[in-house]
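Down below is the structure, laid out as C-alpha cells.
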Amino acid sequence: MSLIQVDEARKIILGKISSKGVEKISIDKALGRVLAEDVVARRPNPPLDNSAMDGYALQWRDVQNATPDNPVKLKIRAEIPAGYEAKETLGPGEAMRIMTGAPVPKGADAVIMQEDTERQGDDVLVMDKAEDGENIRLSGEDVKAGETVIHKGVTLQPSHIGMLAVVGRSSIFVGQRPVVAIISTGDEVVDLDETPDGPCIYNSNGYMLAAQTRSAGGIPLYMGIAKDTEEDLMEKFKWALQADVLVSSGGVSVGDYDLVKASLEKLGQDMAFWKVAMKPGKPLAFGKIADKPIFGLPGNPVSSFVSFEQFVRPALRQMMGCADISHNTVQAKLTRTIRKKAGRLHFLSSTVSFNNGEYTVDPAREQGSGILKSAMNANGLLVFPLDATELQEGQTVNVQLLG
Ligand code: AMP
Ligand code: MG
C-alpha cells in the first residue's frame, strides 16, 4: 500500500470522475439540483418603470416647495392599478393615482406616497416634496434583458428557484443524480431487523453513508451487509454494478479478514490501495469496476464518515456538474491549544460558532475513530495540517463546515 496525502488522493480520484448526463426537470423539483445550463433573461425585470408605493405619480418640480402648511394641489387625471398602463401622458399640475407595481405613466418623474397626500374629490393635496425619480423602480433594475442570471454549475437554492420563475423558466436542465450503491462488510455487522448478540454491532455505516450520499445530492442504493468472504463480497460488488458509484465500508485495512482488497483486485481496474496520511481514516481503496468508480472506505464509523466527506462527496458533486466541489472552509480562532504527532493530517470533530464578527472553533475532547458522538455533535472538521504538531489557543485555523 502506498502512502499518499489527502489532496493528492483527492486529485487522482477527481481526475477519473466524469460528469453524468443531464436531464430536464420542472423547477418545483429543482431545489438542491445542479444547473446544467446558463440561464439568460429574455426580458428585463421589472419589465417597465413602476411605482414602489401606493400614492400619486407626478412631476417633481410641481411639488418642490410642498410642505404640510403649504400643500400643492394637483388635478387627478387617471387611476393606474397594478397590471394596467395609463393611456394618457401626465402633464404639469397633474397627478395620477398609482398602486405599487403599476407602470409609471409617461410624463411623470416621481411618485409621492399616499401618506404625504390628502384627497379632495378630483384633486390631491401634496404635503411634501419629491425628489427626481423618487419611489420609481426602474425597468431592468433587477435583471437586464440578455443578462445571464444563473450560471451553469450552481447548486440551486430557493432564491434561484424564484429567479428561474422571474425569467419565465418552468423547466431547466440539471445534472443527473448519481445512484450510489452502499455496501457494508463484516461478519460482526448486522442489520437493524436482527438482534445483535455477543460481539455483533448494527450496520451504522450503511445508513450513515446512505444519508451522506443523499445530502450530497446522490441517490443511495442500500445493499446491506457482505460477509467477510471473497465470494460474498464479489457477489455484492457485482450486484452493485447497477448503480453509478460503489461505496463500501470496512475490510480495507491489513487484518486477516480484510478481504475487500482481494475482491476488488480481482474485479476492479486500476485499483489503488492507499494509506492516506490522515486521521481518522487511512486505508482507502479507489478504482473502477466496469468503468464505475468504486470507493473502499475504512470501517470505523468516524473514519468512514470523514473519508466520505473528503473523497466521495466531491466526486459526487463533480459527477453532477457542480462548479464548486470543494468544502465550504472558514478561518476560525481556536479555543484551546491542541497537539499531535507530525506525519498525518488530522480532521477534528469541532463546534464552530460565529460571535462578534469572527468564527471560533472548539474541537471535541474525544476524537477517536469510533467516537461517532463527537462527529454527530460537530458542525465542522478542524484541519490540523500534516506536519504541524501544535496549534495554539487563539490561533487562526481552517475548518471545513459540515452540512
Ligand atoms: P474493519 O476495517 O472492517 O476492520 O472495521 C474497522 C472497525 O469498524 C471494526 O471495529 C468494525 O466493527 C467497524 N465497522 C465495520 N463496518 C461497520 C459498519 N457497517 N457499521 C459500524 N461499524 C463498522
Ligand atoms: Mg471488517
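Numbering of the sequence shown is given in the numbering used here, commencing with residue 5 and proceeding in unit increments.
Backbone N, C-alpha and C define an ideal beta-carbon position, used for all residues, glycine too.
For Ser357 and Gly111, what's the separation of their Cα atoms in angstroms? Distance between the alpha carbons of Ser357 and Gly111: 54 Å.
Cβ of Gly325 less than 9 Å from any chain C Cβ? Among the chains in the structure shown there is no chain C, since it carries only a single protein chain.
State the DSSP-derived secondary structure class of Tyr60, mapped to helix, strand or coil. In this structure, Tyr60 counts as strand in the three-state DSSP scheme.
Where DSSP assigns a beta bridge to Leu338, which residues make up the other side? According to DSSP, residue pairing for Leu338 in a beta bridge involves Val365.
From Leu39 to Thr355, what distance separates their C-alpha atoms? Going by the C-alpha atoms only, they are around 32 Å apart.
Consult DSSP for Met238 and reduce its assignment to one of helix, strand or coil. Note: Met238 maps to helix in three-state DSSP.
Residues of its chain near Ala185, where Cβ-Cβ distance is below 6 Å and the 5 sequence neighbours each way are ignored: Beyond the five residues adjoining it in sequence on each side, Ala185 comes within less than 6 Å, by CB distance, of Leu225, Met227, Ala244, Ala247, Leu250 in the same chain, given in chain order.
Check each candidate in Val306, Lys24, Asn402 and name the one with the smallest Cα separation from Pro284. Across the set Val306, Lys24, Asn402, the C-alpha of Val306 shows the shortest separation from the C-alpha of Pro284.
Per DSSP, which residues does Gln161 bridge with? Please list them. Gln161 pairs with nothing; no bridge assigned.
Less than 7 Å between C-beta atoms, sequence neighbours within five positions excluded: which residues of the same chain meet that for Thr104? Only Ser55, Ala56, Met57, Asp58, Ala86 meet the Cβ criterion.
Alpha carbon of Glu145 to alpha carbon of Val76, nearest angstrom: A straight line joining the alpha-carbon of Glu145 with that of Val76 spans about 31 Å.
List the DSSP bridge partners of Ile293. Beta-bridge partners assigned by DSSP to Ile293: Lys296.
Flag this pair as touching only if the segment 329 to 345 and the segment 284 to 302 have three or more C-beta atom pairs under 8 Å; answer yes or no. Short answer: they don't touch.
For Thr189, is the beta carbon positioned less than 8 Å from some heavy atom of ligand 2? Yes, since a heavy atom of ligand 2 falls inside the 8 Å radius drawn around the Cβ of Thr189.
Check whether the Cβ atoms of Leu385 and Ser208 lie closer than 9 Å to each other. Cβ atoms of Leu385 and Ser208: not closer than 9 Å.
Could you give the distance in angstroms between the alpha-carbon of Lys345 and the alpha-carbon of Ala13? Taking the straight line joining both Cα atoms gives about 21 Å.
For Pro389, which option in Asp113, Asn381, Gln404 has the closest C-alpha, if you only look at C-alpha atoms? For Pro389, the nearest C-alpha among the options comes from Gln404.
Spatially closest choice to Arg81 from Ile140, Asp66, Ala70, Gly97, by CA coordinates: Comparing alpha-carbon positions, the option among Ile140, Asp66, Ala70, Gly97 lying closest to Arg81 turns out to be Gly97.
Is the CB-CB distance between Leu168 and Leu301 below 9 Å? Taking 9 Å as the cut-off, the Cβ atoms of Leu168 and Leu301 do not count as close.
Give the single residue among Cys326, Leu7, Gly125, Ala368 whose Cα lies nearest to the Cα of Val178. Among Cys326, Leu7, Gly125, Ala368, the Cα nearest to that of Val178 is on Cys326.
Residue(s) in a DSSP beta bridge with Phe312: Under DSSP, Phe312 shares a beta bridge with no residue.
Return yes when the Cβ of Leu288 is within less than 9 Å of the Cβ of Phe309, no when it is not. No.
Would you call Ile102 buried or exposed, if buried means 16 or more other Cβ atoms sit within 10 Å of its Cβ? Buried is the call here.
Going along the chain, which residues of its own chain have a beta-carbon closer than 6 Å to the beta-carbon of Glu394, five neighbours each way excluded? The answer, listed in chain order, is Arg343.
To the nearest whole angstrom, what separates the beta carbons of Val26 and Gln180, a pair I think is in contact under 8 Å? With 8 Å as the limit, Val26 and Gln180 qualify as a contact, their Cβ atoms being about 6 Å apart.
Less than 9 Å between the C-beta atoms of Pro182 and Ile154, yes or no? In this structure, Ile154 does not lie closer than 9 Å to Pro182 by Cβ.
Can Asp120 and Lys79 be called in contact, C-beta distance under 9 Å? Asp120 places its beta carbon 9 Å or farther from that of Lys79.
Tell me whether Gly374, by its Cβ, gets closer than 8 Å to a heavy atom of ligand 3. No copy of ligand 3 appears in this structure; the ligands present are ligand 1 and ligand 2.
Following the continuous alpha helix (DSSP H) through Thr233, name the residue where it begins and the one where it ends. Where Thr233 is concerned, there is no enclosing alpha helix (DSSP H), because DSSP gives it neither an H nor an E.
Cβ-Cβ separation, Glu138 to Ala114 (assumed contact under 8 Å), whole Å: The Cβ separation is near 4 Å, so the contact holds.
Quick one: what's Arg46 bridged to in DSSP? According to the DSSP secondary-structure assignment, Arg46 is paired through a beta bridge with no residue.
Which same chain residues end up closer than 7 Å to Ala220 when comparing Cβ atoms and leaving out the 5 residues on each side of it in sequence? Around Ala220, the same chain offers Arg317, Leu320, Arg321 as residues with beta carbons nearer than 7 Å, after the five sequence neighbours per side are excluded.
Using only alpha-carbon positions, find the residue among Pro51, Asn74, Gly210 that is nearest to Val147. Looking from the CA of Val147, the closest CA among Pro51, Asn74, Gly210 belongs to Pro51.
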